[in-house]
Every structure is written in structure tokens, then in C-alpha cells.
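A.B. asks: Our numbering applies: residue 62 is where the sequence shown begins, and numbers increase by one.
Glycine included, every Cβ here is placed at the ideal spot set by N, Cα and C.
Keep in mind it's a predicted model, so treat the numbers as computed, not measured.
Please see the structure below; I have some questions.
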Amino acid sequence: FWAWHGSAMMSWHLILRTGLRNLSGTSLQQFGAAYGSGVYFGKSSNVSTGYASNTFQNWPHLEFDGVNLSPSTTMCLALCEIINRPEDFTSVNPYYVVPNEDFITTRFIFLFPKGASTKACNAMGVKIPKGLIEKPPKA
């Protein structure tokens, strides 16, 4: 199934190189663990945008093709594919908490202007063009 993940811009270089990691209980954990240890996802994009905040101003001059992508103006969300084994993760509306990082694949990255509305897009409602992925996940 699909789910959204939001992280600060400073985190995406490492996420793209190593994948999403369960950092619960480590010095690298950035948020609490109200629903248990694991990687947190939103069923809807507006849940994950709250975690895409950028309080650090590293890469202040990040730019691509003349567009300012600095953390002060941009937030990043990922649409991730998660192995559908509900017995192995927590689902508490509006979150999924996945402790096993092997169940997670980051498929798509979305950049939004900071403060932009993502219109509460349900991850399972995203239409992926045919041929972009081999077999879309099932709910």
C-alpha cells in the first residue's frame, strides 16, 4: 500500500542514499513515539506535511534550474510503498508506524512551496501512470 512520509530538507540526502530508517530510541530520533517505535507515515499528505518542517537553514542557496529550493521556501514529502502486513505494524488513524524498515520503499519525492496546501491527498488515491511502476500495491 501507499503512504506519505514527511521529513525536513536536511534529512533527504541521507534518506535517498540509505532509505528510511527506524531511528526510534537513538540520538537521531527527531519526534516522539506516541504510537510506538518505527518509521511514521501519514495516510493523508496533510498529516506528513507537519513533519516536513525545516527549522535548520542548511543549504540556504539550494537551487535547481533557477528555482529556489532552500529549506526556508520548500518542503519535501515522499510517497512510499509499504508491504501490506498489518500484523507487523501499527495503524492508528491518521498514522502508520512501521518498525521494519525492510517493508518500506521510497518511490516518489514531491517538493512543495513551504506553506502550500497539499489538499489532504489520500495516499491510496494517488493515480500512478501505467508503466511507471511494474505492479502497483494493493490496499
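My assumption, with CB atoms under 8 Å, is that Cys-141 sits in contact with Phe-102. Please give the rounded CB distance.
C.D. replies: 7 Å
A.B. asks: Who are Leu-84's beta bridge partners in DSSP?
C.D. replies: None, per the DSSP bridge assignment.
A.B. asks: On a CA-only basis, which of Gly-111, Ser-88, Trp-63, Cys-137 is nearest Ile-76? Give me that one, please.
C.D. replies: That would be Cys-137, whose Cα lies nearest to the Cα of Ile-76.
A.B. asks: What does DSSP give as the partner residue(s) for Gly-67 in the beta ladder?
C.D. replies: Leu-138
A.B. asks: Below 8 Å CB to CB, which residues in the same chain sit around Ser-150 once its five sequence neighbours on both sides are set aside?
C.D. replies: Going by the sequence as given, residue 150 is Phe instead of Ser. Within the same chain, Phe-150 has close Cβ partners Gly-99, Ile-143, Tyr-157, Val-158, Val-159, Pro-160, Asn-161, Phe-164.
A.B. asks: Please classify Leu-81 as buried or exposed, where buried requires at least 16 neighbouring CB atoms within 10 angstroms.
C.D. replies: buried
A.B. asks: For the beta strand (DSSP E) containing Val-187, list its first residue and its last residue.
C.D. replies: Here Val-187 belongs to no beta strand (DSSP E), and DSSP marks it neither H nor E.
A.B. asks: Between the C-alpha atoms of Thr-87 and Ser-106, what's the straight-line distance to the nearest angstrom?
C.D. replies: The C-alpha of Thr-87 lies about 26 Å from the C-alpha of Ser-106.
A.B. asks: My output table needs one value for Ile-76: the three-state DSSP class, helix, strand or coil.
C.D. replies: helix
A.B. asks: Taking C-alpha atoms, which residue in Ile-194, Val-153, Leu-84 lies nearest to Ser-72?
C.D. replies: Leu-84
A.B. asks: For Tyr-101, which beta-bridge partners are listed by DSSP?
C.D. replies: Val-158
A.B. asks: For Lys-104, count the other beta carbons within 10 Å of its own beta carbon; 16 or more makes it buried, fewer makes it exposed. Which is it?
C.D. replies: It counts as buried.
A.B. asks: Taking the DSSP output, what are the residues bridged to Ser-152?
C.D. replies: DSSP output for Ser-152 lists Tyr-157 as bridge partner(s).
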